[in-house]
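Numbering (my numbering), first residue to last: 10 to 318.
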């Protein structure tokens, strides 16, 4: 596809598509349009195109991969989702809001979701580190889990772990912040779906403007506390899920078997709907509206219980 001839005096030498997107402006007429392409290891490089409406074939040819028919290309949308770009399909860089593309040497796409976003990957295996990169979370402070349906425990995926996307059931991943800080300080559909699919026994309580979600008899780390299981309360504040829940609460009160005392910052009471709960003061300052929910809150709770001192 040829661009409109505006004359050399009206064209700039190079237009960076990413810069235009970040600045919220339209692409300027230019001799070259710079995009970013990545391989299956997410190694990125700049690629300059003469046409702001290239085909998938033109992008692959500019990337100098051969033979073109053996490769697949995807646009990485602002939402983080992947959009398949066929060889002879045009892609208008001027209006799509995408500057990044990923190229695979493959003839098959493996579909999965991460944080409820649909993804496609052109290889049968993927590492935990790349999953985090695709989710757009910091690799040093976030963990990624394989979500296990039907009441099983979600599986922690380490950065160097390789996941076989071709195996049955390898389809849903979630991310959450690894650490929280100690201190004194009707459910959304996604939450309900997560609780149902994981077999949680849940009680919903109301107290004014707050909603309490009680995870009934949540199993605790073996041998760590004076009880093998406890009810765990999460209080959803007004504005949830855009506003983060703060802390969680246990009943009965838990003490550490090894020390014979309450865990750090878990020695204060909190009354909620007629019960005197043990307050675990754990704060999360990295809540992601539209991504985080009860699924990540539960993972925070499990992590706090495991690491309690």
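Backbone N, C-alpha and C define an ideal beta-carbon position, used for all residues, glycine too.
Just so you know, these numbers come straight off a predicted model, no measurement behind them.
Would you report the Cα separation of residue i and residue j, rounded to the nearest angstrom?
| i | j | result |
| --- | --- | --- |
| residue 258 | residue 265 | 16 Å |
| residue 179 | residue 318 | 34 Å |
| residue 38 | residue 157 | 50 Å |
| residue 200 | residue 218 | 19 Å |
| residue 114 | residue 25 | 26 Å |
| residue 280 | residue 286 | 6 Å |
| residue 83 | residue 231 | 45 Å |
| residue 133 | residue 175 | 6 Å |
| residue 213 | residue 151 | 29 Å |
| residue 155 | residue 143 | 15 Å |
| residue 60 | residue 42 | 7 Å |
| residue 288 | residue 162 | 25 Å |
| residue 282 | residue 216 | 6 Å |
| residue 110 | residue 181 | 23 Å |
| residue 20 | residue 49 | 34 Å |
| residue 29 | residue 35 | 6 Å |
| residue 121 | residue 171 | 15 Å |
| residue 76 | residue 196 | 51 Å |
| residue 51 | residue 40 | 27 Å |
| residue 173 | residue 135 | 7 Å |
| residue 45 | residue 234 | 51 Å |
| residue 304 | residue 27 | 33 Å |
| residue 177 | residue 243 | 33 Å |
| residue 248 | residue 267 | 39 Å |
| residue 145 | residue 119 | 19 Å |
| residue 74 | residue 99 | 18 Å |
| residue 167 | residue 22 | 44 Å |
| residue 125 | residue 208 | 19 Å |
| residue 275 | residue 68 | 57 Å |
| residue 277 | residue 270 | 13 Å |
| residue 33 | residue 198 | 32 Å |
Comparing alpha-carbon positions, which option in the options lies nearest residue i?
| i | options | result |
| --- | --- | --- |
| residue 147 | 304, 295 and 317 | 295 |
| residue 169 | 35, 121, 138 and 50 | 138 |
| residue 31 | 108, 237 and 78 | 108 |
| residue 123 | 311, 149, 301 and 224 | 301 |
| residue 298 | 304, 250, 307 and 272 | 250 |
| residue 308 | 267, 277, 203 and 47 | 203 |
| residue 226 | 271, 263 and 74 | 263 |
| residue 141 | 118, 184 and 210 | 184 |
| residue 85 | 47, 119, 73 and 243 | 47 |
| residue 315 | 228, 211 and 23 | 228 |
| residue 306 | 270, 252 and 69 | 252 |
| residue 53 | 112, 125 and 271 | 112 |
In three-state terms, what does DSSP make of residue i?
| i | result |
| --- | --- |
| residue 203 | helix |
| residue 179 | coil |
| residue 192 | Annotation note: pLDDT 44 at residue 192 (below 50); position unreliable, no value reported. |
| residue 174 | coil |
| residue 128 | strand |
| residue 75 | coil |
| residue 304 | helix |
| residue 317 | coil |
| residue 16 | With a pLDDT of 48 at residue 16, under the threshold of 50, the modelled position of that residue is not reliable, and the figure given next carries that caveat. Coil. |
| residue 38 | coil |
| residue 224 | strand |
| residue 50 | coil |
| residue 248 | coil |
| residue 144 | helix |
| residue 311 | helix |
| residue 58 | strand |
| residue 157 | coil |
| residue 103 | coil |
Kindly list the residues whose CB is nearer than 7 Å to the CB of residue i, restricted to its own chain and excluding five residues on each side of it in sequence; keep chain order.
| i | result |
| --- | --- |
| residue 71 | 56 and 58 |
| residue 79 | 114 |
| residue 261 | 236 and 239 |
| residue 245 | 219, 220, 222 and 254 |
| residue 164 | 154, 155 and 157 |
| residue 310 | 241 and 257 |
| residue 186 | 150, 151, 293 and 295 |
| residue 210 | 225 and 226 |
| residue 284 | 260 |
Excluding five sequence neighbours on each side, which residues of the same chain lie with their C-beta closer than 6 Å to the C-beta of residue i?
| i | result |
| --- | --- |
| residue 190 | Only weak support is given to the placement of residue 190: the predicted model assigns it a pLDDT of 49, under 50, and the value that follows is read from those uncertain coordinates. The residues are 292. |
| residue 101 | 62 |
| residue 313 | 291 |
Can you list, in chain order, the residues of its chain with a C-beta nearer than 8 Å to that of residue i? Leave out the 5 residues immediately preceding and following it.
| i | result |
| --- | --- |
| residue 103 | 35, 36, 61 and 62 |
Give a yes or no on whether 7 Å exceeds the smallest Cβ distance from residue i to chain C.
| i | result |
| --- | --- |
| residue 269 | Judged by its chain identifiers, the structure shown contains no chain C, having just a single protein chain. |
Inter-stretch contact (C-beta, 8 Å, three-pair minimum) for the segment 56-65 and the segment 86-96: yes
Cβ contact check for the segment 72-90 and the segment 122-133: 3 or more pairs under 8 Å: yes
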